[in-house]
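Undergrad: Protein chains in written order, with the numbering used here: chain C, 1 to 339; chain V, 1001 to 1339.
2 protein chains.
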Amino acid sequence: MATIEDVARSAGLSRTTVSRVINDHPYVSIAKKKKVKEAMEELGYVPNSAARSLRNQRTGMIAVLIPRVMNPFFSQLIETLELAAAESFYQLIICQTQYSAKKELTYLNLLKTKQVDGVILTSAENDWSAIEGFTEYGPVILCNEFDERANVPMIYMDQQEAGYKATRHLIEQGHRKIAYCCGRFRSNVASAREEGFMMALHEAGLAFDEQYAFREAITSSDGTEIFRSIRGDSGRPTAIFTGSDEVAAGIVSEALRHGWSIPRDLAVTGFDNQVITELMNPRITTVEQPVREMALKTMEVLLERIRNRQYTGTERHQFSMKLIVRESTHMQAELAGIQ
Amino acid sequence: MATIEDVARSAGLSRTTVSRVINDHPYVSIAKKKKVKEAMEELGYVPNSAARSLRNQRTGMIAVLIPRVMNPFFSQLIETLELAAAESFYQLIICQTQYSAKKELTYLNLLKTKQVDGVILTSAENDWSAIEGFTEYGPVILCNEFDERANVPMIYMDQQEAGYKATRHLIEQGHRKIAYCCGRFRSNVASAREEGFMMALHEAGLAFDEQYAFREAITSSDGTEIFRSIRGDSGRPTAIFTGSDEVAAGIVSEALRHGWSIPRDLAVTGFDNQVITELMNPRITTVEQPVREMALKTMEVLLERIRNRQYTGTERHQFSMKLIVRESTHMQAELAGIQ
DNA sequence: CTGAAAGCGCTAACAC
DNA sequence: GTGTTAGCGCTTTCAG
């Protein structure tokens, strides 16, 4: 493996000059520059990045902490983040916390050990007090996550508004008994969404029956379970709010198999606007999150912070979501859909 | 930021001793070991990984090249790979080639610049001759990818068998005109699959009509398009083989919206056994790939090669796939499904 | 414009 | 058991 020393020797110049050429510094004569380039070419020289990192105190790596890659919301986030990172010549390291607070801390350590220049936290498992200490070692950005106490940038969506809008829509369709499903974000995301949900009920003078709260619903088979559990009830809800398209699809799919008509027998809302919502029949009403925009903003803020070595200081970017009404909640939409 | 030097001074010992404690070497007295640990604790010391990488010639990073994260097959692969890597204290770097040969080369350069200890190539965009040169800098593993000329480990599935099995199943259901869809892997994956497809047709004495070959089908909306394009034909196929569950779901979904009955009017097979195949109604017949097993084998082989600094030398691990018959191709299955 | 030399933080001979 | 010391490959003063 050729080193800068080899190149220098081969070109009959000093390491300094070679380094200047590599980094495109001024004050190198054209002739020598050419000589260096030839030598590099001939030796197949490539700068060793560990040495550069050590010297420059900068790795060109960014860690993204997510619960799981397979969760479509997060993989969509990752996709855009990676594209944005690559554009600025940064590499993305994937860190799956698997909803484990301990794993999260392990990954946050990448910042301490200088393996990454910054961290993007998309779903905090630890309390902020446990995370705060890491912010002195490099920028930590909350993306999709939110905490009142956090003194770092936060890029997030108005979950409360989203919960409110979707629920309000169900109420407008005449529903009085509405079930609530969410995943196990221990974070403020779920609670804000639930606040919005409750707010809409409250406003309409409706009570919530805790019996119909499902707070561990993540996958489509969780949806299947949920359907089965309410299926026989006489006082069952006529509509279900879910925090995930997969759960919604699971419910719809199972209901159809049991001969139910959606939305007549049961109205269902999803969350995320994933592909599946358009493939189901009826199509599923859902909430569209501006994932791309968030990802881009996140990377922009992060790179800015890395550049300025500014690790603390809050900064809030809130995005709005859009309710997309489809046939799983709305008869009219169903009719329009058939064409 | 505390360094090893600081710890040594604070503990009244040498850097060597501290280093020994960090790396759990023998020959350190219990008393001093304790002293060192206390000093590390007090100073909040964490070893700098750039320095370690430089010194040890090892980064603890692995690059995974995939076309796109959002493709469920690849995100599933990533998920398992990351888990396996984390278990051995390796970090995974995500590299999206976006089907670009140039981007692929950029990412392969991570090996040259020593930013990673190894590379997993899941879908080669370049010809092997362009990739071969990188193998002298570190291990390159083909996972899901295959090339006769490659002198590196290959972990892959028997795509030909899969194509054959699925097609044969369609023929057994009485179909004589079968359409073919695949994505744009420029790799041998697609061609092997197609070989299997053709082999089954041939064996049954059936001809293939090139008019019904769709070789750029990736997403569910591609599936929608495909349905529309065959919809009006009088001599249209009665069955479709697809290389992707999403395409299959798109076809099924659109067909149902047009009042077709699946599989009576059109039989459809998917590929990958993604969640969506069980959510659609009818459920979709598909081919299950042993993604998890492949991912684990890949990581095992890669870590082994890193350990032994053995970069070249072929080694083939072929996995079999399983056809999962569901209602989208099989009436009986449909009846059983209704229960 | 160019080069000599110090040092980023760590590990591993080698000597004691 | 423990310490001294020479680098890993690179960038950047500083002096010329």
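We treat Cβ as the ideally placed atom computed from N, Cα and C, and that holds for glycine.
What are the uninterrupted segments assigned as alpha helix (DSSP H) that are 4 or more residues long and contained completely in the stretch 1073 to 1155 of chain V, given in chain order?
TA: Qualifying alpha helix (DSSP H) stretches, in chain order: 1101 to 1112 and 1128 to 1132.
Undergrad: Could you give the C-beta distance for residue 1272/V and residue 1073/V, rounded to a whole number, given that I count them as a contact under 8 Å?
TA: 5 Å
Undergrad: So, is the C-beta of residue 232/C closer than 8 Å to a C-beta in chain V?
TA: no
Undergrad: Could you tell me which uninterrupted beta strand (DSSP E) segments, each at least 3 residues in length, are contained entirely in the stretch 2 to 36 of chain C, listed from first to last along the chain?
TA: The stretch 2 to 36 of chain C contains no complete beta strand (DSSP E) run of 3 or more residues.
Undergrad: Is there contact here, the stretch 322 to 332 of chain C with the stretch 256 to 267 of chain C, by at least three beta-carbon pairs under 8 Å?
TA: yes
Undergrad: Does the contact criterion of 3 or more C-beta pairs under 8 Å hold for the stretch 1295 to 1302 of chain V versus the stretch 1078 to 1093 of chain V?
TA: Yes: the two stretches touch, three or more of their Cβ pairs being nearer than 8 Å.
Undergrad: Which residues in chain C sit within 7 Å of residue 1130/V, going by Cβ to Cβ distance?
TA: Per Cβ cutoff of 7 Å: no residues; residue 1130/V is ~15 Å from chain C at best.
Undergrad: Rounded to a whole number of angstroms, what is the C-alpha to C-alpha distance between residue 208/C and residue 244/C?
TA: 20 Å
Undergrad: Verify the CB distance criterion: does residue 275/C have a CB-CB separation below 8 Å to chain V?
TA: yes
Undergrad: Step through the CB atoms of chain V and report whether any lies within less than 8 Å of the CB of residue 97/C.
TA: no
Undergrad: Using a Cβ cut-off of 8 Å (strictly closer), state whether residue 286/C contacts chain V.
TA: No, because no Cβ of chain V sits closer than 8 Å to the Cβ of residue 286/C.
Undergrad: Could you have a look at residue 1167/V and say whether DSSP puts it in helix, strand or coil?
TA: helix
Undergrad: Return no unless some Cβ of chain V is closer than 8 Å to the Cβ of residue 40/C.
TA: no
Undergrad: Is the beta carbon of residue 188/C sitting closer than 8 Å to the one on residue 147/C?
TA: yes
Undergrad: List the residues that DSSP assigns as beta-bridge partners of residue 62/C.
TA: 92/C and 118/C
Undergrad: Tell me residue 350/C's beta-bridge partners as DSSP assigns them.
TA: Shown here, chain C extends from 1 to 339; a query on residue 350/C therefore has no answer.
Undergrad: Run through the DSSP bridge pairs and tell me what residue 181/C is partnered with.
TA: Residue 181/C is bridged to 214/C.
Undergrad: For residue 1092/V, tell me which candidate among 116/C, 47/C, 197/C and 20/C has the shortest Cα-Cα distance.
TA: The shortest Cα separation from residue 1092/V among 116/C, 47/C, 197/C and 20/C belongs to 116/C.
Undergrad: So for residue 224/C, helix, strand or coil by DSSP?
TA: helix
Undergrad: Classify residue 1314/V as helix, strand or coil using the three-state DSSP reduction.
TA: Coil, per DSSP.
Undergrad: Using a Cβ-based criterion (distance less than 7 Å to any ligand heavy atom), does residue 10/C qualify as near the ligand ZN?
TA: Ligands in the displayed structure: none, and consequently the ligand ZN is not present.
Undergrad: For the beta strand (DSSP E) holding residue 1269/V, just list the boundary residues, first then last.
TA: 1267 to 1269
Undergrad: Can you tell me the Cα-Cα spacing of residue 1311/V and residue 139/C, whole angstroms?
TA: 37 Å
Undergrad: Hey, is residue 184/C's beta-carbon within less than 8 Å of any beta-carbon in chain V?
TA: no
Undergrad: Within 8 Å of any Cβ in chain C, is that where the Cβ of residue 1294/V sits?
TA: No, no contact with chain C.
Undergrad: When the Cα atoms are used, what is the spatial distance from residue 38/C to residue 1135/V?
TA: 23 Å
Undergrad: Taking only beta-carbon atoms, is residue 91/C less than 8 Å away from chain V?
TA: Taking a beta-carbon distance threshold of 8 Å, residue 91/C counts as an interface residue toward chain V.
Undergrad: Are residue 279/C and residue 1253/V closer than 8 Å when you measure CB to CB?
TA: yes
Undergrad: Which value, in whole angstroms, describes the spacing of the CA atoms of residue 226/C and residue 201/C?
TA: 21 Å
Undergrad: Using 8 Å as the cut-off, can you tell me whether the stretch 117 to 132 of chain C makes contact with the stretch 97 to 107 of chain C, which would need three or more C-beta pairs spanning the two stretches below that distance?
TA: yes
Undergrad: Nearest CA to the CA of residue 1113/V: which residue from 1054/V, 1275/V, 1220/V and 1232/V?
TA: Comparing Cα positions, the closest option is 1054/V.
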